[in-house]
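In what follows, a single structure is set out as structure tokens and then discussed.
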Amino acid sequence: MSTSLASTMSALPELSRQLLELARREEWDGFSALSQQYLSAQASLIAAAQQTDCAVTKKAQLALLQQLQANDAEIARQLQARLTVLGEAMTRLQQNKKCCQDYAAQMPRRLFPSAG
14 MSTSLASTMS ALPELSRQLL ELARREEWDG FSALSQQYLS AQASLIAAAQ QTDCAVTKKA
74 QLALLQQLQA NDAEIARQLQ ARLTVLGEAM TRLQQNKKCC QDYAAQMPRR LFPSAG
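Here the sequence shown is numbered in this note's numbering, starting from 14 and rising by one per residue.
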């Protein structure tokens, strides 16, 4: 197993665990920053895995991928819940905007007559 592949295989579970913890704690800024590193590590693993034919390595990769898939499934559930919250917030913002526009439409155009 190449050093690059081994280091990526050991780094990915930790990155996945950190992402999962950030999602559980709803720390979305940290999640966003770390997700770029995670995606880069995944791409590195795929590239390195395509260059190896070792059966032991393939077995380790399979176990790693199963663990990553389980974490990714929970992360997806957390993200879906967050998306629902954000969608509800956007709906409330649109409703408030409409109320403000309706209220403003009822206001006189000039609050203070010109002195003169």
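No residue lacks a Cβ here, since even glycine has one placed at the ideal position from N, Cα and C.
Item: State the Cα-Cα distance for the pair A61 and T104, rounded to the nearest angstrom.; Value: 45 Å
Item: Start and end of the alpha helix (DSSP H) containing E27?; Value: 16-37
Item: What's the gap between the Cα of L77 and the Cα of A118?; Value: 60 Å
Item: How is the alpha helix (DSSP H) around D42 delimited, first residue to last?; Value: 41-62
Item: Under the assumption that L81 contacts S29 (Cβ atoms under 8 Å), give the Cβ distance between them as a whole number of angstroms.; Value: 5 Å
Item: Are T65 and L18 close, meaning C-beta to C-beta below 9 Å?; Value: yes
Item: If you check the beta carbons only, do Q5 and E27 fall under 9 Å apart?; Value: Missing from the structure shown is residue 5; the chain here goes from 14 to 129 and no further.
Item: Given a threshold of 16 other Cβ atoms within 10 Å of its Cβ, counted over all protein chains shown, does T21 qualify as buried or as exposed?; Value: buried
Item: Taking only the alpha-carbon atoms, compute the straight-line gap between D42 and G100 and give it to the nearest angstrom.; Value: 18 Å
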